[in-house]
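Taking the numbering used here, I'd label the letters of the sequence shown as residues 224 to 511.
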Amino acid sequence: MTPPVFRFAPSPNGLLHLGHAYSALLNYEAAKAMGGRFLLRIEDTDITRARPEFEQAIFDDLHWLGIEWEEPVRRQSDHFGDYKPALEKLEAQGLSYRSYLTRSDIKRIVEAHEAKGSDWPRDPDGAPHFPGRHYEEQATIDDSSYTVRLDIGACLKKVNRDISWREASDSGFTDITEVAAEPQKWSDIILVRRDAPASYNLAVVIDDAVQGVTHVVRGEDIYAATSSHRLLQELLGLAQPLYHHHRLICDEEGRKLSKSQHDTSLASLRASGLTAANIKERFGFKKG
Numbered sequence: 224m225t226p227p228v229f230r231f232a233p234s235p236n237g238l239l240h241l242g243h244a245y246s247a248l249l250n251y252e253a254a255k256a257m258g259g260r261f262l263l264r265i266e267d268t269d270i271t272r273a274r275p276e277f278e279q280a281i282f283d284d285l286h287w288l289g290i291e292w293e294e295p296v297r298r299q300s301d302h303f304g305d306y307k308p309a310l311e312k313l314e315a316q317g318l319s320y321r322s323y324l325t326r327s328d329i330k331r332i333v334e335a336h337e338a339k340g341s342d343w344p345r346d347p348d349g350a351p352h353f354p355g356r357h358y359e360e361q362a363t364i365d366d367s368s369y370t371v372r373l374d375i376g377a378c379l380k381k382v383n384r385d386i387s388w389r390e391a392s393d394s395g396f397t398d399i400t401e402v403a404a405e406p407q408k409w410s411d412i413i414l415v416r417r418d419a420p421a422s423y424n425l426a427v428v429i430d431d432a433v434q435g436v437t438h439v440v441r442g443e444d445i446y447a448a449t450s451s452h453r454l455l456q457e458l459l460g461l462a463q464p465l466y467h468h469h470r471l472i473c474d475e476e477g478r479k480l481s482k483s484q485h486d487t488s489l490a491s492l493r494a495s496g497l498t499a500a501n502i503k504e505r506f507g508f509k510k511g
């Protein structure tokens, strides 16, 4: 039997915090318990924010936690070509399109609509729905600056059936249920950003398929996005992994820890005298 494959895939755009430690340890311990493989992937398609010093810090933090991974480490920036066939396939089927609407354009369209007394629809993460390709005539065409978006409506017609994913209630994958995917709740998601050759949503499904990832253990903040990921997997003929979306680590006020908020880093905790054993004990991991 092929061993299960787990992965931890941080972005080198800041220092890891306790939330990252929890996710990395969950994946690592699950891989060990199931006799599987553990991979480390550096998600650095956002080349404007990725920094080599943050990548090195990731290695240092994981080593400190006692986590080992297979070499070589996959860096997305080394594999930009892996995303092109998928993009070409979607484009050839009329399932994607170039968008020239800027954030200012979108804000203007949404505000004009809501000024008339009607609410503008929102994505599951609370962001306003993208207006759609029929609004592109209001954009200024600049072939040096555009995004590529997935036409959700066209994709749903193409698939023409209900899709779902398998969700485990625990990181040991002992209790699995089918969850109905609802990609229609999202507007046309970005596949290629203006400043990056692939968005997270596209890169993550391609990377998982290329690396043969069978079990995805990640934060519950990505739960809703799994609907879009399953849609892309169906469109591109990719195998679907098993999923477990774990609880988030929050601060004393109940706010999710975040790099952007400069929450206390693992490096700072290490410098203060905290040990890896202290962190594992806090999260309920067995010693050793």
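Every residue, glycine too, gets a C-beta built ideally from N, C-alpha and C.
Asked                                                                                                                                                                                 : Found
Whole angstroms are fine: how far does the CA of Ala490 sit from the CA of Ser174?                                                                                                    : Within the shown structure, residues of the chain are numbered from 224 to 511, placing residue 174 beyond reach of any answer.
So, are the CB atoms of Val415 and Thr363 less than 8 Å apart?                                                                                                                        : no
Less than 8 Å separating the beta-carbons of Asp430 and Pro464?                                                                                                                       : no
If Ser387 and Glu401 are in contact, beta carbons under 8 Å, what's the gap, nearest whole angstrom?                                                                                  : 5 Å
How about Arg274 and Arg297: are their beta carbons less than 8 Å apart?                                                                                                              : no
Run through DSSP, which three-state label would Gly355 get?                                                                                                                           : coil
If you draw a straight line from the C-alpha of Lys380 to the C-alpha of Gly435, how long is it?                                                                                      : 28 Å
Can you check DSSP and say which residues form a bridge with Ser319?                                                                                                                  : Leu373
For the region 470-483 against the region 227-243, do three or more pairs of beta-carbon atoms, one drawn from each stretch, fall closer than 8 Å, so that the two count as touching? : yes
Please return the same chain residues whose Cβ sits closer than 8 Å to the Cβ of Val427, not counting the five positions on each side in sequence.                                    : Ala232, Glu266, His452
So, at 7 Å on beta carbons, what are the nonlocal neighbours of His352 in its own chain, with the 5 sequence-adjacent residues on each side left out?                                 : Trp343, Pro344, Arg345, Asp346, Ser410
Which residues bound the alpha helix (DSSP H) around Val427?                                                                                                                          : 423-433
Can you tell which of Leu285, Leu310, Ser246, Tyr423 has the C-alpha that lies nearest to the C-alpha of Thr513?                                                                      : Any property of residue 513 remains undetermined from this structure, which presents the chain solely from 224 to 511.
Starting from Lys479, follow its DSSP beta bridges and name the residues at the other end.                                                                                            : Cys473
Pick from Val433, Arg470, Ile472, Val440: whose alpha carbon is nearest that of Gln456?                                                                                               : Val433
For Gly317, which residues from the same chain have a beta carbon less than 8 Å from its beta carbon, with the 5 sequence-adjacent residues on both sides left out?                   : Asp374, Ala377
Just checking my contact of Arg372 with Ile332 at CB under 8 Å: how many whole Å lie between their CB atoms?                                                                          : No, Arg372 and Ile332 are not in contact; Cβ-Cβ is about 15 Å, not under 8 Å.
Let's test the definition: count the other Cβ atoms within 10 Å of the Cβ of Glu360 and tell me whether it reaches 16, buried, or not, exposed.                                       : exposed
Give the DSSP bridge partners of Ser387, in chain order.                                                                                                                              : Ala403
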